[in-house]
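*Asks:* In the numbering used here, the protein residues as written are 175 to 671. All C-beta atoms in this analysis are idealised placements derived from N, C-alpha and C, irrespective of residue type, glycine included. Note that the structure is predicted; figures quoted are calculated from it, not measured. Before anything else, here's the structure in question.
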Amino acid sequence: MGIVQRQSVQNTIYTYLGVVLGWLNKSLLFYQWLTQGQYGLIELLMTFMVLGSELSQLGITRIILRFFPYFYQRKDKEGKFIFFIILYSAIGFAGICLILMLIKPFIIAHYAPKSPLFTNEYIYIYPLILSYTLYRVLSTISQSLLKTVVPAMAYNIALRLPQTLLIILLHFEYLTFRGFLNWMTVSFFVPVIIILVYLIWLRKLHITIGFDWMKARIGRIMLNYGWFSSLGEMTNMLVSKVDILMLGWLVGETVVATYAIAFYISVLIQMPARSIRSITIPLIANHMKVKRMDLIQDLYQKTAITNLVVAALVFVGIWINIDSFFGLLPKYADGRASVIYLGLGSIFNIITGLHRPIIMNSRYYRFDLYSNVLLFILVVITNYMLIPVYGATGASIATAFSLFLYNGIGCVFVYYKFGMQPFTTKTILNILITVGVLILGLNIPSTGNHLLDILVRSSIVTAVYLPLIFWLKISPDINNMIVDILRKIFGRFISRS
């Protein structure tokens, strides 16, 4: 897993730098300088951006990941495949714009009573969808080339730095709120430009017009795969975003802001897993192409335990410091319970590993759509039942439930069809260690200072957790990484475990 380990570490570094900037933006500057309604508006716009982009792609990112290995380094066909990607994406974007214009009266009617700011700024969803679609397509091409670091840097650093500047300019009245929205929309094109220039520099974006490579059978297979995977991805995305959409509809923009803070904190748990997944998905596609199921099984289990080691430590750090976090953000203190429920759902999502990419790159890819449709129906029902009663907490319970159900079904399906599962005895041992350090952390007395409490609790728990993980050899990749770090500090006499 050399390339996986190397790029996932680099991606994780950029991701967490982005998290720091995101935390500065959303949890401090946005928190201090925007009203809850304005904050809620931004979250709703971002949600529509992601969902609209997913629909407009028509499965093109999945087509790229699945079929790019067949065209890579065959210059004539690779250039025509790139042309097909551009044309296909343009048609999808035009289609989603038409749909959004047609259903605008329906959306405005349902959101106007509780989310009036959103209905006034509906126009922003069009350029936001365009920017995110371009980013997803270009970053997926880069990902297929096993070049994932620059896209991670572009989205996590180059996007968030301008937004930090914009919120400062808004606060000091160099920008109106409308001006802030205008320039924030422009900022989403910054990662697009960076990745575009990077691919041109790599000489991997040459375009050749023509469709002679796409014979009837190949075209039918690709389009069927793209449409099915698009529907599956869309329903999966709806499951992850329906909570914010329904909060904005049922209880209003201010509760969306509270939930968004809780959701953002819980996302920290999944950051390392996302970094690793971005490089393992094209590897799975390559292994599936040559039917090396043994290599896929190895990736499945190794990435699952490595992700769990890191995510469990982050989750424990969040749980034991939850009161201190919200002591610093009292306006959003109602989000405490939401963080825990969302965190539990995220942990299970990580434990089950790479079941979805395995399904999507196999002949059983249609199963992903069927399971997602069932899950979407269930999550809408649970959100509709729980949000009016419990608000943001109800939405988090529904989301956690959806993650448990979806990942459980997917994991069982992969085991039934391929005989593969992500669990080992090390998984159970890791969970036991996690529970132990969680109990330890919750019983550390408070110093009375929120920042000092976070530092003390986090340091003690980390000092207990990591040596246990290393000594018990829970994850070979984590052990090798620790040894490499110790070698740099203490010299070459430390042997690799």
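For V513, collect the residues of the same chain with a Cβ closer than 7 Å to its Cβ; drop the 5 residues on either side in sequence, then sort them by chain order.
*Replies:* On the sequence shown, residue 513 is found 339 positions in, with the first residue counted as 1. Cβ neighbours of V513 beyond the five flanking positions: A436, I439, S440, I492 and I496.
*Asks:* Helix, strand or coil for T598 per DSSP?
*Replies:* Counted from its first residue, the sequence shown places residue 598 at position 424. Looking at T598 - three-state DSSP - the assignment turns out to be coil, as it is neither helix nor strand.
*Asks:* Which word fits R394, buried or exposed, when buried means at least 16 other C-beta atoms lie within 10 angstroms of its C-beta?
*Replies:* Reading the sequence shown from its first residue, position 220 is the one you call residue 394. Under this definition R394 is an exposed residue.
*Asks:* Is P325 helix, strand or coil by DSSP?
*Replies:* Position 151 of the sequence shown holds residue 325. Looking at P325 - three-state DSSP - the assignment turns out to be helix.
*Asks:* Can the beta-carbon of N623 be found less than 8 Å from the beta-carbon of N581?
*Replies:* As a position in the sequence shown, residue 623 is number 449, starting the count at 1. As a position in the sequence shown, residue 581 is number 407, starting the count at 1. For N623 and N581, no; Cβs fall outside 8 Å.
*Asks:* As an exercise, report each continuous beta strand (DSSP E) stretch of at least 3 residues that is fully enclosed by the region 515 to 565, in chain order.
*Replies:* none
*Asks:* When the Cα atoms are used, what is the spatial distance from Y433 to I494?
*Replies:* Your numbering for residue 433 matches position 259 in the sequence shown. Your numbering for residue 494 matches position 320 in the sequence shown. The alpha-carbon atoms of Y433 and I494 are separated by roughly 19 Å.
*Asks:* Measuring straight from C-alpha to C-alpha, what distance separates G266 and V324?
*Replies:* Along the sequence shown, read from residue 1 onward, the residue named residue 266 stands at position 92. Along the sequence shown, read from residue 1 onward, the residue named residue 324 stands at position 150. Their Cα atoms are separated by approximately 26 Å.
*Asks:* Less than 8 Å between the beta carbons of L424 and V430, yes or no?
*Replies:* Numbered from 1 along the sequence shown, position 250 holds the residue referred to as residue 424. Numbered from 1 along the sequence shown, position 256 holds the residue referred to as residue 430. Not closer than 8 Å, so no.
*Asks:* Is it right to say R352 is buried, meaning 16 or more other beta carbons lie within 10 angstroms of its own, or is it exposed?
*Replies:* The residue labelled residue 352 in the question sits at position 178 within the sequence shown. Answer is exposed; the Cβ neighbour count stays below 16.
*Asks:* Please look up how many angstroms separate the CB atoms of N604 and A486, rounded, as I've assumed it's under 8 Å.
*Replies:* Here residue 604 refers to the residue found at position 430 of the sequence shown. Here residue 486 refers to the residue found at position 312 of the sequence shown. The C-beta separation of N604 from A486 comes to about 6 Å, placing the pair in contact by the 8 Å criterion.
*Asks:* In whole angstroms, give me the CA-to-CA distance for L218 and R661.
*Replies:* Counting from 1 along the sequence shown, the entry for residue 218 is found at position 44. Counting from 1 along the sequence shown, the entry for residue 661 is found at position 487. Approximately 47 Å, taken between the alpha carbons.
*Asks:* Assuming I282 contacts Y296 under a Cβ cut-off of 8 Å, what Cβ separation, rounded to an integer in Å, is found between them?
*Replies:* In the sequence shown, counting from the first residue as 1, residue 282 sits at position 108. In the sequence shown, counting from the first residue as 1, residue 296 sits at position 122. 7 Å between Cβ atoms; contact.
*Asks:* Check whether the Cβ atoms of V360 and A332 lie closer than 8 Å to each other.
*Replies:* Against the sequence shown, residue 360 aligns to sequence position 186. Against the sequence shown, residue 332 aligns to sequence position 158. Going by C-beta atoms, V360 is not nearer than 8 Å to A332.
*Asks:* The alpha helix (DSSP H) spanning P504 covers which residue range?
*Replies:* Locating residue 504 in the sequence shown gives position 330, where the first residue counts as 1. No alpha helix (DSSP H) contains P504, which DSSP labels as neither H nor E.
*Asks:* Buried or exposed for A447, going by 16 or more other Cβ atoms inside 10 Å?
*Replies:* Counted from its first residue, the sequence shown places residue 447 at position 273. Buried.
*Asks:* Among I455, R377, F362 and T526, which one has its Cα closest to the Cα of A478?
*Replies:* On the sequence shown, residue 478 is found 304 positions in, with the first residue counted as 1. Considering only alpha carbons, the answer is T526.
*Asks:* Suppose you measure from the CA of L503 to the CA of Y298; what does that come to, to the nearest Å?
*Replies:* Here residue 503 is taken as the residue at index 329 of the sequence shown, counted from 1. Here residue 298 is taken as the residue at index 124 of the sequence shown, counted from 1. Here the alpha carbons of Y298 and L503 stand approximately 29 Å from one another.
*Asks:* Check whether the region 202 to 216 and the region 285 to 294 touch, using three or more Cβ-Cβ pairs below 8 Å as the test.
*Replies:* With a cut-off of 8 Å, the region 285 to 294 and the region 202 to 216 count as touching, because enough Cβ pairs lie within range.
*Asks:* Does DSSP classify G233 as helix, strand or coil?
*Replies:* Walking along the sequence shown from the start, residue 233 turns up at place 59. Reduced to three states, the DSSP call for G233 is coil.
*Asks:* Closest by CA to P531, which one among W207, G426, A459 and K378?
*Replies:* The sequence position of residue 531 within the sequence shown is 357, counting from 1. For the residues W207, G426, A459 and K378, the minimum Cα distance to P531 belongs to A459.
*Asks:* Considering only the beta carbon of each residue, do F138 and G517 sit closer than 8 Å?
*Replies:* Because the chain in this structure spans residues 175 to 671, residue 138 falls outside the shown range and cannot be described.
*Asks:* Leaving out five residues on either side along the sequence, give the residues of the same chain with a beta carbon under 6 Å from the beta carbon of M408.
*Replies:* As a working mapping, residue 408 is identified with position 234 in the sequence shown. Same-chain partners within the cutoff: E228 and L229.
*Asks:* I'd like to know whether the C-beta atoms of Y306 and F362 end up nearer to each other than 8 Å.
*Replies:* On the sequence shown, position 132 is the one that residue 306 refers to. On the sequence shown, position 188 is the one that residue 362 refers to. Against a cut-off of 8 Å, the Cβ pair of F362 and Y306 comes out as a contact.
*Asks:* With distances taken Cα to Cα, identify the nearest neighbour of T314 among L373, R334 and V609.
*Replies:* Looking up residue 314 in the sequence shown gives position 140. Nearest of L373, R334 and V609 to T314, Cα basis: L373.
*Asks:* Suppose contacts are defined by Cβ-Cβ distances below 8 Å. Is T573 in contact with L482 by that definition?
*Replies:* The sequence position of residue 573 within the sequence shown is 399, counting from 1. The sequence position of residue 482 within the sequence shown is 308, counting from 1. Taking 8 Å as the Cβ cut-off, T573 and L482 do not qualify as a contacting pair.
*Asks:* Check whether the region 610 to 619 and the region 634 to 643 are in contact - that is, three or more C-beta pairs closer than 8 Å.
*Replies:* yes
*Asks:* Let's see if you can read the secondary structure: which residues bound the alpha helix (DSSP H) around Y300?
*Replies:* Along the sequence shown, read from residue 1 onward, the residue named residue 300 stands at position 126. Taken as a continuous stretch (DSSP letters only), the alpha helix (DSSP H) holding Y300 covers I299 to S318.
*Asks:* Have a look at M358, L579 and A507 and flag the residue whose alpha-carbon is nearest the alpha-carbon of L343.
*Replies:* For the purposes of this step, residue 343 is taken as the residue at position 169 of the sequence shown. Answer by Cα proximity: M358.
*Asks:* List the endpoints of the continuous alpha helix (DSSP H) containing A283.
*Replies:* One-based indexing of the sequence shown puts residue 283 at position 109. Counting along the chain, the unbroken alpha helix (DSSP H) around A283 starts and ends at K278 to Y285.
*Asks:* Using a threshold of 8 Å, state whether the C-beta atoms of S316 and I369 are closer than that.
*Replies:* Residue 316 sits at position 142 when you count from the first residue of the sequence shown. Residue 369 sits at position 195 when you count from the first residue of the sequence shown. Yes, the Cβ-Cβ distance between S316 and I369 is below 8 Å.
*Asks:* Please report the distance separating the alpha-carbon of R670 from that of F644.
*Replies:* Looking up residue 670 in the sequence shown gives position 496. Looking up residue 644 in the sequence shown gives position 470. Confidence in R670 is poor, its pLDDT being 48 and thus under 50, which makes the residue's placement unreliable; the coordinate value appears in the next sentence. Going from the Cα of R670 to the Cα of F644 covers about 12 Å.
*Asks:* Please classify L308 as buried or exposed, where buried requires at least 16 neighbouring CB atoms within 10 angstroms.
*Replies:* Stepping through the sequence shown from its first residue, residue 308 is reached at position 134. When all chains shown are included, L308 counts as buried.
*Asks:* Go ahead and pull the three-state DSSP assignment for L379.
*Replies:* Taking the sequence shown and counting its residues from 1, one reaches residue 379 at position 205. Residue state, collapsed to three classes: coil.
*Asks:* Can you give me the Cβ contacts of C585 inside the same chain, cut-off strictly under 6 Å, excluding the 5 residues immediately before and after it?
*Replies:* As a working note, residue 585 is residue 411 in the sequence shown. So the list reads T526 and H529, once near-sequence residues are dropped.
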